[in-house]
Amino acid sequence: MRNMPTVVDTPPRSCGECSACCTVLGVRDLEPPKPDYVACSDCRPGGGCSRYTTRPPTCEGYQCLWLTGALGDDESTRPDRLGLVFDVYDTPADGGEPGIYARAVWPDAPREHEELLFTLAAKLLIVVIYDAKRRGLIGPEHRLAAFRRLLAART
Ligand code: SF4
Ligand code: SF4
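So this is what it looks like as structure tokens:
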């Protein structure tokens, strides 16, 4: 059995003023493509998309784990308040069970939520993304060992 949070089909909540993913996530099907950690020029101040009805499929299909309700119903964990956007990492390079991306909305957010991240990492592989260039991996020791072996095989 997988240790992933339950993801429901219909978002039980709306993004409200949050637009964290419009900055932290790259959108390849925008013209021109938007890289990770660059604010989208279509993002309205205070949240919302100025081209909502014609937004690209990537945007239309994206739901962070807060939006799905998988993180519980605590409003304070909305990404723009928590500082972390969680979503599913479904193709880990070690071929193991899916994990989670934790994308920092501001640079210190992973440090501010170290306890939460390490609690999750006791069971799940977590890719912590600090910015466009820096990322780290935490998780159960057997998963980290598998990644170390992969890295060693590539060098
Ligand atoms: S990060 Fe989540 S809650 Fe915030 S705008 Fe994106 S999908 Fe909505
Ligand atoms: S097109 Fe709209 S939904 Fe997509 S990243 Fe830009 S502001 Fe966000």
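Position one of the sequence shown corresponds to residue 2 (the working numbering), numbered consecutively onward. In this text, a Cβ means the ideal position worked out from N, Cα and C, and glycines have one as well.
With a threshold of 16 other beta carbon atoms within 10 Å, Arg-149 falls short and is exposed.
From the listed residues Asp-81, Gly-100, Arg-135, the smallest Cα separation to Leu-145 is found for Gly-100.
In the three-state reduction of the DSSP assignment, Ala-110 falls in the helix class, which pools H, G and I. Counting the other Cβ atoms within 10 Å of the Cβ of Leu-152 gives fewer than 16, which makes it exposed. When DSSP reads this structure, Arg-104 sits in a beta bridge with Val-86, Ile-130. Taking the Cβ of Arg-52 as the reference point, at least one heavy atom of ligand 2 falls within a distance shorter than 7 Å. Contact between Ala-122 and Gly-140 holds, since their C-beta atoms are separated by about 5 Å, short of 8 Å. Cys-60 and Ala-154 have their C-alpha atoms roughly 36 Å apart. In this structure, Leu-118 and Val-129 form a Cβ contact; the two beta carbons are roughly 6 Å apart against a cut-off of 8 Å. For Val-28, DSSP records a beta bridge to Lys-35. Rounded to whole angstroms, the Cβ separation of Leu-31 and Tyr-63 is 12 Å, and the two are not in contact under 8 Å.
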